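Colleague:
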Amino acid sequence: MILHVLAISISTTPKQSCENKGMNQFTSCERGHFNPSLYLHIIFFFIFSLVFLISSKGSPLILSDSLFSFLALSVAGYLADMLRRTGLNRFITKIMKVSKPPTSGYEISELPNEGVLREFMQFYKTKGVLVMVHSGESETQAPKAASQKQSGSSSETTANTLVKDPIMRSFVSSINALNLGNPDEVKLALVPGPEAPRLVDAYNIITYPTTLMFLDGRCVYRVVGARTNELSIKSLFMLRNGGRNIFSHT
Numbered sequence: 001m002i003l004h005v006l007a008i009s010i011s012t013t014p015k016q017s018c019e020n021k022g023m024n025q026f027t028s029c030e031r032g033h034f035n036p037s038l039y040l041h042i043i044f045f046f047i048f049s050l051v052f053l054i055s056s057k058g059s060p061l062i063l064s065d066s067l068f069s070f071l072a073l074s075v076a077g078y079l080a081d082m083l084r085r086t087g088l089n090r091f092i093t094k095i096m097k098v099s100k101p102p103t104s105g106y107e108i109s110e111l112p113n114e115g116v117l118r119e120f121m122q123f124y125k126t127k128g129v130l131v132m133v134h135s136g137e138s139e140t141q142a143p144k145a146a147s148q149k150q151s152g153s154s155s156e157t158t159a160n161t162l163v164k165d166p167i168m169r170s171f172v173s174s175i176n177a178l179n180l181g182n183p184d185e186v187k188l189a190l191v192p193g194p195e196a197p198r199l200v201d202a203y204n205i206i207t208y209p210t211t212l213m214f215l216d217g218r219c220v221y222r223v224v225g226a227r228t229n230e231l232s233i234k235s236l237f238m239l240r241n242g243g244r245n246i247f248s249h250t
């Protein structure tokens, strides 16, 4: 037993030196032609057999049982040593090959009114469309927005007041930090609620921002408020339940 423990301790020395050299050297050591662990186990196996043969005075029963026990322990130690060497490397290799969902790359289209929204949804009818309905103006800019709307510059007003709306500005800036699924399958659109009265009435939108999630032209989910985690989870569920690939191709 002492010789067996000594054999295992000596056989694990090359593994430690390979690990200290880094992952590339470690892989090359595993693929080398010379394996000192196996040869050391064989050498100590014959030494132990010779010593025990002399001490047992040739008793075949005791000798066979002891040799079988030592052989089983040697094989178990060798297999455990090889698993320690290759298991971690193979696990890391498999994990690195798994495709990951993207966390950026989403494009947000800012639409001025409901007519453009209908064309947008018709063009991306087979995709997952996230329509984010916002107030279109902040409280401090409401009088100015009303005067500009009468003069016929509603689309420009929406663009200017959207940046100044603190809730919507924070919500939009956090989109690229979310995982909404494959960017090829998800399209985002910003629409001002006052410029889309039919949409607001049809889906009973009373809170801004409200995100309507469409797939194949049908509203699947909605997210009330700037709830980013809920938006990410429902977007992934929408794509998965619709049989779409939620992972990026790149």
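Residues 1 to 250 in full-length UniProt numbering are what the sequence shown lists, from first letter to last.
A virtual CB, placed ideally from N, CA and C, is assigned to each residue, including glycine.
Note that the structure is predicted; figures quoted are calculated from it, not measured.
Just to confirm before moving on: does the CB-CB distance between L188 and I108 stay below 8 Å?
Modeller: Contact: yes.
Colleague: Establish whether the CB of Y106 and some CB of chain D are separated by less than 8 Å.
Modeller: You won't find chain D in this structure, because it holds only one protein chain.
Colleague: Mind checking whether Y106 and P183 have CB atoms under 8 Å apart?
Modeller: The answer is yes: Cβ separation under 8 Å.
Colleague: So for F214, helix, strand or coil by DSSP?
Modeller: Here F214 sits in strand by DSSP.
Colleague: State whether the region 201 to 208 contacts the region 112 to 128, with contact taken as three or more CB pairs (one from each stretch) at a distance under 8 Å.
Modeller: Contact fails: fewer than three Cβ-Cβ distances are below 8 Å.
Colleague: Among residues of its own chain, excluding the 5 on either side of residue 257, which ones have a beta-carbon nearer than 8 Å to its beta-carbon?
Modeller: Residue 257 is absent from the model: the chain starts at 1 and stops at 250.
Colleague: Quick check: does the Cβ of P192 come within less than 7 Å of any heavy atom belonging to the ligand HEM?
Modeller: The ligand HEM is absent from the structure shown, which contains no ligands of any kind.
Colleague: Here's the rule I'm using: 16 or more other beta-carbon atoms within 10 Å means buried, otherwise exposed. How should S174 be labelled?
Modeller: Burial call: exposed.
Colleague: Using CA coordinates, which residue listed in P209, R227 and G243 is at the minimum distance from V131?
Modeller: Out of P209, R227 and G243, P209 has the C-alpha closest to the C-alpha of V131.
Colleague: Please confirm whether E110 and L190 have their CB atoms less than 8 Å apart.
Modeller: Contact flag set, yes.
Colleague: Flag this pair as yes or no: are the beta carbons of S232 and N179 separated by less than 8 Å?
Modeller: Contact: yes.
Colleague: Residues in its own chain within less than 6 Å of Q122 by CB, not counting five upstream and five downstream?
Modeller: Within the same chain, Q122 has no close Cβ partners at all.
Colleague: My output table needs one value for I205: the three-state DSSP class, helix, strand or coil.
Modeller: The answer is coil: DSSP assigns I205 none of H, G, I, E or B.
Colleague: Going by beta carbon distance, what residues of the same chain come within less than 8 Å of E185, once the five residues before and after it are set aside?
Modeller: Excluding residues within five positions, the ones whose Cβ falls inside 8 Å are K127, G128, L239, R244, N245 and I246.
Colleague: Just mark P197 as buried or exposed, buried being the case when its beta carbon has 16 or more other beta carbons within 10 Å.
Modeller: By the 10 Å Cβ count, P197 comes out exposed.
Colleague: Between the alpha carbons of M168 and N176, how many angstroms are there, rounded?
Modeller: So the alpha carbons of these two residues sit roughly 14 Å apart.
Colleague: Measure the alpha-carbon distance for P194 versus S235 and round it to whole angstroms.
Modeller: Rounded to the nearest angstrom, the two C-alpha atoms are 25 Å apart.
Colleague: Of all the options T228, V223 and F237, which has the alpha carbon lying nearest to the alpha carbon of S170?
Modeller: Among T228, V223 and F237, the Cα nearest to that of S170 belongs to T228.
Colleague: Quick one: grab the DSSP three-state call for I175.
Modeller: The answer is helix: DSSP assigns I175 an H, G or I state.
Colleague: Please identify the residue among V224, L199 and G242 whose C-alpha is closest to the C-alpha of T207.
Modeller: The shortest Cα separation from T207 among V224, L199 and G242 belongs to V224.
Colleague: For the alpha helix (DSSP H) that K187 lies in, which residues bound it at each end?
Modeller: Taken as a continuous stretch (DSSP letters only), K187 belongs to no alpha helix (DSSP H), being part of the beta strand (DSSP E) at V186 to P192.
Colleague: Could you have a look at S135 and say whether DSSP puts it in helix, strand or coil?
Modeller: If DSSP states are grouped into helix, strand and coil, S135 belongs with coil.
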